[in-house]
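Presented below is the structure to which this report refers.
Number of protein chains: 4
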Amino acid sequence: MATSSSLSLEDVKTHNSPDSCWVVISNQVWNVTDFLPSHPGGAEAILKYAGRDATQIYNELHAPGMLEEALAHDKFIGDILPSSDVPPKATIEEASAAENSLQPQIQTPIKAEAVQTPSQSLLPYEKPHLHSLISAADFQEVARHTLTPKAWAFYSSAATDLVTYGMNKSIIRRIMFRPRVLRDVKTVSIKRKVLGCESSTPFFISPAAMARMAHPDGELALARGAGDEGIVHCISSNASYPLSSIVKAGNADQTFWLQLYVNSDRGKTEELLRKAAALGIKGIFVTVDAPVPGKREADERIAAENVASAISGAVASNDKKGGGMGRLMAAYVEKSLIWEDISWIKKVSGLPVVLKGVQSAADAMMAARFGADGIFLSNHGGRSLDGAQPSILVLLELHRICPDVFDKLHIYIDGGFERGSDILKAIALGATAVGVGRPYLYSLTYGKEGVEHLTQILKDELETSMRLCGITDISQAHPGLLNTSDIDHMVSTSADEHPYIRWKPKAML
Amino acid sequence: MATSSSLSLEDVKTHNSPDSCWVVISNQVWNVTDFLPSHPGGAEAILKYAGRDATQIYNELHAPGMLEEALAHDKFIGDILPSSDVPPKATIEEASAAENSLQPQIQTPIKAEAVQTPSQSLLPYEKPHLHSLISAADFQEVARHTLTPKAWAFYSSAATDLVTYGMNKSIIRRIMFRPRVLRDVKTVSIKRKVLGCESSTPFFISPAAMARMAHPDGELALARGAGDEGIVHCISSNASYPLSSIVKAGNADQTFWLQLYVNSDRGKTEELLRKAAALGIKGIFVTVDAPVPGKREADERIAAENVASAISGAVASNDKKGGGMGRLMAAYVEKSLIWEDISWIKKVSGLPVVLKGVQSAADAMMAARFGADGIFLSNHGGRSLDGAQPSILVLLELHRICPDVFDKLHIYIDGGFERGSDILKAIALGATAVGVGRPYLYSLTYGKEGVEHLTQILKDELETSMRLCGITDISQAHPGLLNTSDIDHMVSTSADEHPYIRWKPKAML
Amino acid sequence: MATSSSLSLEDVKTHNSPDSCWVVISNQVWNVTDFLPSHPGGAEAILKYAGRDATQIYNELHAPGMLEEALAHDKFIGDILPSSDVPPKATIEEASAAENSLQPQIQTPIKAEAVQTPSQSLLPYEKPHLHSLISAADFQEVARHTLTPKAWAFYSSAATDLVTYGMNKSIIRRIMFRPRVLRDVKTVSIKRKVLGCESSTPFFISPAAMARMAHPDGELALARGAGDEGIVHCISSNASYPLSSIVKAGNADQTFWLQLYVNSDRGKTEELLRKAAALGIKGIFVTVDAPVPGKREADERIAAENVASAISGAVASNDKKGGGMGRLMAAYVEKSLIWEDISWIKKVSGLPVVLKGVQSAADAMMAARFGADGIFLSNHGGRSLDGAQPSILVLLELHRICPDVFDKLHIYIDGGFERGSDILKAIALGATAVGVGRPYLYSLTYGKEGVEHLTQILKDELETSMRLCGITDISQAHPGLLNTSDIDHMVSTSADEHPYIRWKPKAML
Amino acid sequence: MATSSSLSLEDVKTHNSPDSCWVVISNQVWNVTDFLPSHPGGAEAILKYAGRDATQIYNELHAPGMLEEALAHDKFIGDILPSSDVPPKATIEEASAAENSLQPQIQTPIKAEAVQTPSQSLLPYEKPHLHSLISAADFQEVARHTLTPKAWAFYSSAATDLVTYGMNKSIIRRIMFRPRVLRDVKTVSIKRKVLGCESSTPFFISPAAMARMAHPDGELALARGAGDEGIVHCISSNASYPLSSIVKAGNADQTFWLQLYVNSDRGKTEELLRKAAALGIKGIFVTVDAPVPGKREADERIAAENVASAISGAVASNDKKGGGMGRLMAAYVEKSLIWEDISWIKKVSGLPVVLKGVQSAADAMMAARFGADGIFLSNHGGRSLDGAQPSILVLLELHRICPDVFDKLHIYIDGGFERGSDILKAIALGATAVGVGRPYLYSLTYGKEGVEHLTQILKDELETSMRLCGITDISQAHPGLLNTSDIDHMVSTSADEHPYIRWKPKAML
């Protein structure tokens, strides 16, 4: 670290503009003026704290290591005088918050054991003992009560009216089992080879951003839990810890994948891909369903309320889109990514590339044509385009329209999978493996132990479901075990056309 | 204005019968005896205030200008003495109401910032800042709390059991997207040519009556907001401001359409059509689905309660239909309008004519045969015949039964469209543009700014939905982007017949 | 009336057994010993009051005239001493009830204007003014609050889980209109010839028992209201007034039908049929769907609670069926009525015979074969066999399986029809007329005026619906105006067989 | 019984390990060391009480007779000193519970008449008089209020999300009747020959474990009630009374079946089968749908909470499956039972063998091929694999795929049948008889009288439904009486394959 002097908050105070912007993080002063334009969350998010202590908000959203990684050493200005007489914050109303920010290691966004629920605050909520949780839904319930409103809104929200979010689950539930009996099911195996790597399960941790909002260990806990349970962790490129820290937190031979948002500055993406390859990442999951972020109203509402209260009648931003974390974090995402870019990603990374967010048979065929190694049927957990068809319908659509893709591509799926029996349904319909997203974020309210506990629950549910279906190896799961008749009418039968409308818009003629 | 003397309320008091009927509006006395039979709301509505001050109720329902426009100058009798000693109202129980009526400019039907909600009155409702509203539903929620019960009932009500009202929305939501990925969606355009005019959007303000009940600026605010946002405003012929005032409130080159109820006195309709043409109106939307008004119970209930409390046991009107505003305003509507009248309207106005309220493929074909320029698939927002099929089903029915009408007619649609994604679905199914009705009335609780804010929200939602579908110009929207399989079984397949019933009533044999 | 002496209640007290059973009704003592076995409600119902005053319960269930009609004159024993010193009732705990029973003309089962609702009793219920009621549902709401719990349970109850009761309504609502526009609908006619008689409407009052429980005038009010409105009244054979009184209460040329439960003592039925013919009744509606009563739990629960509280632990009746009014009143019904009996009823009455309760195409064909004049598609308002298919599905089933019955039979229907638009749907599907049952019972809470008010509401709703469909005479209603596609899959396609099950039980082989 | 000395609790206290484990039951000391490994509920369940008084928990779950039956006489150590001065329990906090355990005959798991409901405890619940109960649902409501939380959880719980549990009921309800009229239905018979035995009804008591939790008489009451009503009782092999006691409790000529969980120690099963045959059991119902128990969360949650509170932070069991009673009791069940074992069971028992838990046409055909006498279509009341198709769909599936099994096999069914009309539907679709499970457990809250009362209710409902359908003998019930069109689309059409997916997993290729 560069040489530096000791400063008081008074010294920092004047560097509060785009021309000279200093912030204090954990008693260290940094000059972030040059970094402003390339901040993933946008310059404005930093400027709100220009000339002030930003420890608290920084710690909520980033791991300590990220700062040093993002900034050159000469951007470090110096340390804040420890025993300064001046009050450590510019305004008196931030005093109590300030106290927390002096102990970033202690203060965490999740609350202590007895916390108030955001929705109903009459009785204090007593966080249950981990061992009394017996389902993914139990973890969600704990998270609803113990996360900060902001974190809960960010994790749980989905696009606009939650139609897709709700259908993801309900359509899976409308698929029925046709269990077979009188098979010897004493031993059962759920091991699966996924993207060429061994996994103890046919499910994995789906990428989800900003795990640190749920627990100070964030993605480190996910990595450690995944390692101990032998499952694959697909790391979000919006993780709150540096990629290297996450990978190092795991076991030596642990399988990681990297979810990738291509940056509109393609050079940064190349840099990230090369780093990923160097770190031993085993696959790249390129997100293709979010060139722009969906409108997640619960998330945006919190931001909108902040804006409205701040301006209190004055002229406001003319951005009517809301400005939740989802939108902030998507600011750098490349909106012009096209099919031809797949080969570029493959070449730069040298890794298998899976397209995350394929939502139609038409694009599954495109993926095969353009050389993708796999597709990840996903609608971003209902967070992208509300009204998009549930992933499980897309899986069935592939069988109807382009069954040959099952021979050409690895096929992953997520969206609404919360039970071992849910997972079994997708595997029986030909999916290679199933991603589990929100439940793992919610399990983080118990740190690494939560991750492991949830994994064990899902394993047990899956094994029990297999036994009760009369199969003993996950590779035996087949469509004949299912009755999909209640939803078959909702499966599309043509790739790019409407089944009975012949009308074409002028742009297509 | 004619010469006139100063009068006291005592002088007015005796003119309280159909033979001699005077009313006071904003301290001016008018003789409305001759006007009684041609009052759109019926003579009775005026006679309730005969010989008295009617300022308050007048201002709720009409703009100031309408009085002078409707009455000849010689009907003005004189001014009320400003410092009269006699109490200004006939009865003591109207005293407080009277005070308001002396300041018509200040008093408005919408309440102040902190108002009581009509439904639950424990806590005062705090009207949120405009910038915290992020969806059309948010505007509805504000309107529900801040409009007068009468205005809320009139705007929000739909026919009898709200079956069509509810289905309008739910059927749209059951249409799923099949988003396409990996397209360059950096720039996106939602511009559309509608009825020969440029519009910044493929949606427009659907005609809705009596906007003044929501805001003193009423239709003026709608016109101004539409102008600033570059969208088309279809003006209701039951507007609370004179047509000319509304048109003048807009920009010079702004596109207006006029919704038309044909008057049973056809001469008046001809007069209106010529005025509209002279004012630069660009299209006539003739309402064809309401020869009589539907039974909107929330609206009628308020009226019925008034009647019941008024008569308190005495012999009441033997009208069992209820008498909500919907019925009052429809009194003058021609019940004998037929297909042959379309050419008359076209000839008189010299403008394109669109039929508003077409609800079947059979009538779409009729429209083409009788020379209409377009059809507006609409069930009056569920306000006409409850049980009528949702508009979006009619749109699909056209494809099944008479796909050639898409080449012959402009096709507009409204009914339940509240999201940009809803709008995109209709456009993808071949609609030229989508009407948005109630949400704009609700947006008026914030005046012109509300209209603009709502428009920006819808634009953003539409653009986001397009990007997430992989298209960059609204003209690229096509049926293949949709999965309509969940509702396809509800689409009629025969024009004028039942699919399997061969029985015919005697009247048809 | 026979000579008689004056008696005290003490004199009556000892006649309290099946061997000698006297009861006091309105201060008159009657010997009902011989009548016990033929009491429609069973001997036990009378024996509960043997040797005591039964005025109150009698007046709830019967009109005064019924007593004299049922008993020979010599069964009258004498009058109770008016100024007797002995307390008028056997037990002190019946004292307050006794006071009422002395003024049978004043005391009625429906409560005064401000009554307590049976369900929630915090606030007194204020019965609304008749003119504020604008729908059949409004009448139901009033009835729910103002009827005695017993009467409400009897009227509103349906069989077991209310599946059929609920489906009756919901299936009608799932039929959509396809309204036609631009027709001249200035004048509209809903007149209809039903069973050879003129009616002002294509709907009629469906038979419903014991109207006196809702209003002291009971069926008299129904008859008077029907007469004034020109609609047909189908009188229940379980009416609470004698048939002759009801007929006389109407106008001279008014049309009545008689609903008939065939008595297991066929002679009594013959007597009733001849009396009906003599009184000018125009048609006999034989109930065929209730050889035994359905299990209406709300009704039976009240009875069961009475039994349970009475016996309080002692050995109870071993009847596990419950014993609601429905079961009591059905005690006399012939369980062996068969198709061959139709000709007997026709011959004895000399009147057209309609079978009430046909629920399948198979039986519709039987009806035509066995010479019935009409069929009344009905499931007893969901009160007979729970799970029976809704009537409107049966109407559609006729079109699928035996469309020729529309030429051979009058086809009536009831079950869930509460709106003019509901009625229009059935007429458009070929029904001759629609029965409206419960709503008329509920309208009785306002006596004759209620009956008329409800009729006018239904007329207005029907006329409005017709206009909005583009037809001007009820005879123009046709299936092409409807979209039944949402329920078409539920319509049976084979008469007596299952569409794909070939298995037959041994009893059929 | 062996000679024995008198002991104090102090003497017992030290035998608290797997090496020497004594327990006190009803003041008798037993050495259960050798019995530990063969305890159906697992050794751990006993070790919790090692060296202590286990009377209370023992009495909840077992009948007194079971102890003597399971242990050799020399395992009896002696009696506890009656007037011992030492407190009878090891810890003071168990004192009050201890008092109960001294009077096992009095103390029962169900509470006294006025008890607190587990869910809402504001008002004491007054248990209604048996004669006021008129439906199976009424019994459930009483049970919900009066059972211990543990018993309620065990009985009422079903697997994970209760999807199958709910569908069992809802799919039956969606089958409609097509009642036939004008048949002579004066007399009606519901007698049925089931598995070669006469039964007064086509329904029977489905096996359900641990009836003693609902009433001290447990299965004895079921047997007595069944005997008096002439219905078949299928005894659970997890009954809380010894098989011989249950059989002896019934009538001399009463029909019993035995439900069988094959023990992983097959010798024990052979012993049980021979005993059953000797006791006159008429059929063996081998459970085939539960090689492992389903995950019944309500049941497991209670166990999980106990564990969590016990360990309070310490290292817990690493079993994440939960440990409800369902799992405990299934510990001994053979997981390797296969089709070839059917002949073994037939040979050992010499009795007809029915496979309980067949859930697909494919396995129905297997059952016929492997010589089973019958199949019991069941999904364990939704307690095994959540998402398994409802039994009634499987019954329809047989007609679609393998109608010949109706000639080869007895076909029983259970799952969601609570009404006589429900039962009639299954019989009309070809089932031989219908099992009723939970309702009978709930009826036990009134002991034997409850069992009889419920049976009479079901008989009456069934007879009424038959009469209203126009049939007089249960053998006349046929599919043509039903309209199954609302669920026909959910019936599978192929045995072992998916209707349109041709993809096969590698394990099948």
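As given, the protein sequences belong to chains A, B, C and D, one line each in that order. Per our numbering, the first sequence starts with residue 1, numbered consecutively. Per our numbering, the second sequence starts with residue 1, numbered consecutively. Per our numbering, the third sequence starts with residue 1, numbered consecutively. Per our numbering, the fourth sequence starts with residue 1, numbered consecutively. Every residue, glycine too, gets a C-beta built ideally from N, C-alpha and C.
Per the coordinates, the alpha-carbon of I205/C lies some 11 Å from the alpha-carbon of G230/C. Taking a C-beta distance under 8 Å as the contact criterion, I487/A and I171/A qualify as a contact pair. DSSP places N168/B in the uninterrupted alpha helix (DSSP H) bounded by V163 to R173. Here DSSP, grouped into helix, strand and coil, assigns V32/C to coil. A direct Cα-to-Cα measurement between H73/D and L424/D gives close to 50 Å. Secondary structure of A214/D (DSSP, three-state): coil. In this structure the region 381-399 of chain D lies against the region 163-182 of chain D, because at least three pairs of beta carbons, one per stretch, are closer than 8 Å.
Among the residues of chain C, those whose CB is under 7 Å from the CB of S465/D are L385, following chain order. Looking at F256/C, Y165/C and T472/C, the one whose alpha-carbon comes closest to that of A507/B is T472/C. When the alpha-carbon of G382/A is set against those of R52/A, V163/A and Y49/A, the nearest one is in V163/A. Residues of the region 176-208 of chain D whose Cβ lies closer than 8 Å to any Cβ of chain C, in chain order: M176, F177, R178, P179, R180, V181, L182, R183, D184, V185 and K186. Using a CB distance below 8 Å, no part of the region 359-370 of chain C faces chain B. Closer than 8 Å to the CB of P216/A there is not a single CB belonging to chain B. In this structure, the straight-line span from the alpha carbon of R467/D to that of L337/C is close to 12 Å.
Contact note: H478/C reaches chain B through K504, P505 and M508, using a C-beta cutoff of 7 Å and chain order. A direct Cα-Cα distance of roughly 15 Å separates L67/C from A43/C. A direct Cα-Cα distance of roughly 10 Å separates L273/B from K347/B. If you look at K268/B, you'll find it isn't in any beta strand (DSSP E); it sits in the alpha helix (DSSP H) that goes R266 to A278.
DSSP links E198/D through a beta bridge to K193/D. At a beta-carbon threshold of 9 Å, none of the residues of chain A lie near D373/B; the nearest stands roughly 18 Å away. In the structure shown, Q259/A falls within a strand segment according to DSSP collapsed to helix, strand and coil.
P291/C belongs to the set of residues whose beta carbon lies under 8 Å from a beta carbon in chain D.
Straight through space, the alpha carbons of A214/C and S443/C are spaced by roughly 9 Å. As the crow flies, the alpha-carbon of P149/C is around 20 Å from that of D138/D. By the beta-carbon neighbour count (other beta carbons within 10 angstroms, threshold 16), G267/D is exposed. Considering only A159/A, L182/A, I25/A and G51/A, the residue with the shortest C-alpha distance to L71/A is I25/A.
Taking CB atoms only, E449/D has no neighbour in chain C less than 8 Å away.
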